[in-house]
Amino acid sequence: MDNELKVPNHIAIILDGNGRWAKKRNMPRGYGHIVGCDNLEKMCDVIKDMGVKYLTVYAFSTENWKRPKEEVDGIMNLLRDYLKDAENFKDENIKVRFLGDRTPLADDIKALMLKNEDGSKDATGLNLNIAINYGGRDEIVHAVKKIIAAGIPETDITEQLISDNLYTAGMPDPDFIIRPSGEYRTSNYLLWQSAYAEYWFSDILWPDFTPKQLDKAIEDFNHRNRRFGGV
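For the record, in the sequence shown the residue sitting at position 165 is 269 according to the working numbering, with numbers rising by one throughout.
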């Protein structure tokens, strides 16, 4: 990458196209998720080395429960395998955080999430946020319920207060959102946080997304004029 290019502080990626990637190769959809997970690990290292401070990835949405049970079970087992070594993130100097409603997840997965978050809490490199059972609308509803339960009067409700009650509380909004796979929609992802984010879409399926593609996306980001409502 050109050293003069400005690297986004916070990149968000919709990890899309794993199942279609496998289908094109006459393989089970679950195999595509395995390859997509491997690619995420590689891209995390690349993104960290670029100097990006925050990476948020959309791994499993609140709507993904509608998929065939076999596929959902495979994704959950893959998540287990990904999380079982709680030292992975710490060793890579990556601080991990999970976004979303954990309530319907299996107890062992919830325990692994906590173990990974606690084990990596002192990392100073990349902040990796993994959205599991996440939906943007659900997140806003969750935040509103927290505010009501706290008894906060209407006059004290501000945009900042709502932000402080989202799953992403305490972190900056994404500057740049990348969606591979040829889909051109946000799919209920970071609805509140993406108000001024730049989007970049690509026909490449996630397992085929490479550092070269990322360089191309960031080069395009550098040509955007981000006015934030100004002139």
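For each residue, glycine too, the CB sits at the ideal point set by N, CA and C. For clarity, every value in this text was computed on a predicted model and none was experimentally measured.
- Under the three-state reduction of DSSP output, H246 falls in the helix class.
- Between the segment 278-286 and the segment 302-311 there are three or more inter-stretch CB-CB distances shorter than 8 Å, so the stretches are counted as touching.
- I213 and V248 have their C-alpha atoms some 26 Å from each other.
- Annotated as proximal: A235 and G204, with beta-carbon spacing under 7 Å.
- Restricting attention to F193, T166, W169, the CA atom closest to the CA of K146 is found in F193.
- In the structure shown, the three-state DSSP call for A235 is strand.
- Remark: C-beta atoms of Y293 and I118 approach each other more closely than 7 Å.
- Between L159 and L216, the CB-CB gap reaches or exceeds 7 Å.
- Looking at the backbone, the Cα of I115 and that of I322 are separated by about 10 Å.
- Distance from the CA atom of N168 to the CA atom of V176, rounded to whole angstroms, is 8 Å.
- Rounded to the nearest whole angstrom, the C-alpha separation of T207 and G155 is 34 Å.
- C-alpha of N233 to C-alpha of D185: approximately 17 Å in a straight line.
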